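Peer 1: Below are the structure tokens for one structure; questions will follow.
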Amino acid sequence: MCCIHFKRQLWVIIVCLTCIVAAPLILAPIVHAGPKVIKWDCSLFGAPRGWTYPLERWAKDMDSSTNGQWKIKLHYGGVLAPPKQQLDGIRGGVFQSCQFCSAYTPGKLPLHSVMELPFISPHSPHDITAMVSAMWEHSALVKELETWNAVPLLPGSITTYNLMGKKRIAKVTDLDGVRVRIGGDIARVLKMYGAVPTLMPAPEIYESIERGTIDMVGLPWSFAFGAFKIHEVSDYAIVDLNLGTMACAFIANKDAWNSLPREFKEIHMKWYKNSAKEWGNEYDQLNKKWTELFKKRLEFVNFPSEERAKLVSKAGVVWEEWVKSREKQGLPGREVLNYYLAKRKEICGY
């Protein structure tokens, strides 16, 4: 009997202790999980500059417009991937977005390289970005990005190239014997008129001009000349040459893009459609700043349109070689070149 009574008391104690322990859990308020925060890493090479300033504004706008639910961290200096491996990083999902230049990844985006053919690009910074956007409307270029598991993110690009240095160049014959820091197919055209192209890393240009190793340098006008202080060791700025540009822009990992909520994509696309204005205005402000500074110490030489036409005629040979090379790869080179020229006429009027 005592044993039975003891067991009853023990059971009552166990039940009471269980209630005491469980009570706070039962009475505690239900905590709902907050909205999911989507985090993106964006791989960039080089330091913050005119090309990336609009991208910084975009990242901030995506954060604020989504109430902090889409955060994009910009990684400068190639810490996530060097320029040559940006596409590889996108395809492997190492980061969700990046900048790229076709020239830094030769052979990886062969159709995109149409945008960096010599003397083919628009002259205006607004129009160059608008051209990238227009080219991304062509299915062949979209398909080319998809081979890297990539999709267009923002068409913000760089400006057209001009020359600065120690030689006064006002006609094509003035190029004869001039040592020019320039590369790619632009170099091939200048070489046809006697120029001696050479290519070196941008940080070496200042000293090379100062010591007389080279005479002239080609860089994106005008911010790149200012960034590397080329005006400090130069006498002339040759404007209106508009040598061409590089096929550069921003892309995203396709899986990361597809996983974004629909409303986030809609917010982003408003920015996308305004890219030409964003990048164009950025470069216009920089051009005003640097041009005023350059004119204090340099002679500005306006390259005549009739002389430039001679260079363009030689560039046509390079364009045709590009078409043949793409066609041999089984790619629609002729179609893409014709599409580019038609869109340029539509956007620029020439």
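Every position in the sequence shown, counted from 1, becomes a number in the numbering used here once 1212 is added. The beta-carbon is built from N, C-alpha and C at its ideal position, and this holds for glycine as well. Bear in mind that the values here come from a model prediction, so they are computed numbers and not experimental data.
Where do the ends of the alpha helix (DSSP H) carrying residue 1484 lie?
Peer 2: By 1-based counting over the sequence shown, the position of residue 1484 is 272. Here the alpha helix (DSSP H) through residue 1484 covers 1474 to 1485.
Peer 1: Taking Cβ positions, are residue 1382 and residue 1513 nearer each other than 7 Å?
Peer 2: Working through the sequence shown from its first residue, we reach residue 1382 at position 170. Working through the sequence shown from its first residue, we reach residue 1513 at position 301. Yes, they are a contact pair.
Peer 1: Do you know how far the Cα of residue 1499 is from the Cα of residue 1419?
Peer 2: Reading the sequence shown from its first residue, position 207 is the one you call residue 1419. Reading the sequence shown from its first residue, position 287 is the one you call residue 1499. So the alpha carbons of these two residues sit roughly 24 Å apart.
Peer 1: My assumption, with CB atoms under 8 Å, is that residue 1280 sits in contact with residue 1293. Please give the rounded CB distance.
Peer 2: The sequence position of residue 1280 within the sequence shown is 68, counting from 1. The sequence position of residue 1293 within the sequence shown is 81, counting from 1. Contact between residue 1280 and residue 1293 is absent: CB atoms are separated by about 27 Å, not below the 8 Å threshold.
Peer 1: Taking the continuous beta strand (DSSP E) assigned at residue 1253, which residues delimit it?
Peer 2: Here residue 1253 refers to the residue found at position 41 when the sequence shown is read from its first residue. Element bounds for residue 1253: 1250 to 1255.
Peer 1: Using the Cβ count rule (16 or more neighbours within 10 Å means buried), how would you classify residue 1594?
Peer 2: With the chain covering 1213 to 1562 only, the question about residue 1594 has no answer from this structure.
Peer 1: Quick one: grab the DSSP three-state call for residue 1410.
Peer 2: Numbered from 1 along the sequence shown, position 198 holds the residue referred to as residue 1410. Strand at residue 1410.
Peer 1: Nearest-angstrom Cα distance between residue 1334 and residue 1431?
Peer 2: Translated into positions along the sequence shown, residue 1334 becomes position 122. Translated into positions along the sequence shown, residue 1431 becomes position 219. Roughly 16 Å separates the two Cα atoms.
Peer 1: Can the beta-carbon of residue 1263 be found closer than 7 Å to that of residue 1370?
Peer 2: Residue numbering aside, residue 1263 sits at position 51 when the sequence shown is read from its first letter. Residue numbering aside, residue 1370 sits at position 158 when the sequence shown is read from its first letter. Yes, Cβ-Cβ distance for residue 1263 and residue 1370 is below 7 Å.
Peer 1: Nearest CA to the CA of residue 1377: which residue from 1538, 1304, 1394?
Peer 2: Along the sequence shown, read from residue 1 onward, the residue named residue 1377 stands at position 165. With distances taken between Cα atoms, residue 1377 lies closest to 1394.
Peer 1: How many angstroms separate the CA atom of residue 1234 from the CA atom of residue 1473?
Peer 2: Counting from one through the sequence shown, the residue named residue 1234 turns up at place 22. Counting from one through the sequence shown, the residue named residue 1473 turns up at place 261. Because residue 1234 carries a pLDDT of 45, less than 50, the predicted location of this residue cannot be relied on, and no value is offered for it.
Peer 1: Based on Cα-Cα distance, which residue from 1562, 1429, 1422 lies nearest to residue 1411?
Peer 2: Residue 1411 sits at position 199 when you count from the first residue of the sequence shown. The shortest C-alpha separation from residue 1411 is found at 1429.
Peer 1: Can you check whether the CB of residue 1277 is closer than 7 Å to the CB of residue 1479?
Peer 2: For this step, residue 1479 is matched to residue 267 along the sequence shown. For this step, residue 1277 is matched to residue 65 along the sequence shown. The answer is yes: Cβ separation under 7 Å.
Peer 1: Could you tell me the distance, in whole angstroms, from the CA atom of residue 1565 to the CA atom of residue 1339?
Peer 2: Any property of residue 1565 remains undetermined from this structure, which presents the chain solely from 1213 to 1562.
Peer 1: Please report the straight-line C-alpha distance between residue 1570 and residue 1520, rounded to a whole angstrom.
Peer 2: The requested residue 1570 is not part of the displayed model; the chain covers only 1213 to 1562.
Peer 1: Would you mind working out which of 1323, 1527, 1267, 1315 sits nearest residue 1548, comparing C-alpha positions?
Peer 2: Position 336 of the sequence shown, counted from the start, is the residue given in the question as residue 1548. That would be 1323, whose Cα lies nearest to the Cα of residue 1548.
Peer 1: What are the start and end residues of each continuous alpha helix (DSSP H) run of 4 or more residues lying completely inside the segment 1289 to 1359, in chain order?
Peer 2: Complete alpha helix (DSSP H) runs here, min 4: 1298 to 1303, 1337 to 1347, 1351 to 1358.
Peer 1: Compute the Euclidean distance between the alpha carbons of residue 1446 and residue 1466, then round it to the nearest angstrom.
Peer 2: One-based indexing of the sequence shown puts residue 1446 at position 234. One-based indexing of the sequence shown puts residue 1466 at position 254. About 45 Å.
Peer 1: Over the uninterrupted alpha helix (DSSP H) stretch that includes residue 1534, give me the two end residues.
Peer 2: In the sequence shown, the residue the question calls residue 1534 occupies position 322. Where residue 1534 is concerned, the enclosing alpha helix (DSSP H) stretches over 1517 to 1540.
Peer 1: Where does residue 1458 fall in DSSP's three states?
Peer 2: For the purposes of this step, residue 1458 is identified with residue 246 of the sequence shown, where counting begins at 1. Correct three-state label for residue 1458: coil.
Peer 1: Buried or exposed for residue 1298, please, with buried defined as at least 16 other CB atoms from any protein chain shown within 10 angstroms of its CB.
Peer 2: Reading the sequence shown from its first residue, position 86 is the one you call residue 1298. So residue 1298 counts as buried.
Peer 1: Using DSSP bridges, identify the partner residues of residue 1432.
Peer 2: Taking the sequence shown and counting its residues from 1, the one referred to as residue 1432 is at position 220. For residue 1432, which the question treats as bridged, DSSP gives the partners 1373.
Peer 1: So, is residue 1291 buried or exposed, given that buried needs 16 or more other C-beta atoms within 10 angstroms?
Peer 2: Numbered from 1 along the sequence shown, position 79 holds the residue referred to as residue 1291. Under this definition residue 1291 is an exposed residue.
Peer 1: From this set, 1368, 1274, 1318, 1562, which residue's C-alpha is nearest residue 1463's C-alpha?
Peer 2: In the sequence shown, counting from the first residue as 1, residue 1463 sits at position 251. When each option's Cα is compared against that of residue 1463, the closest is 1368.
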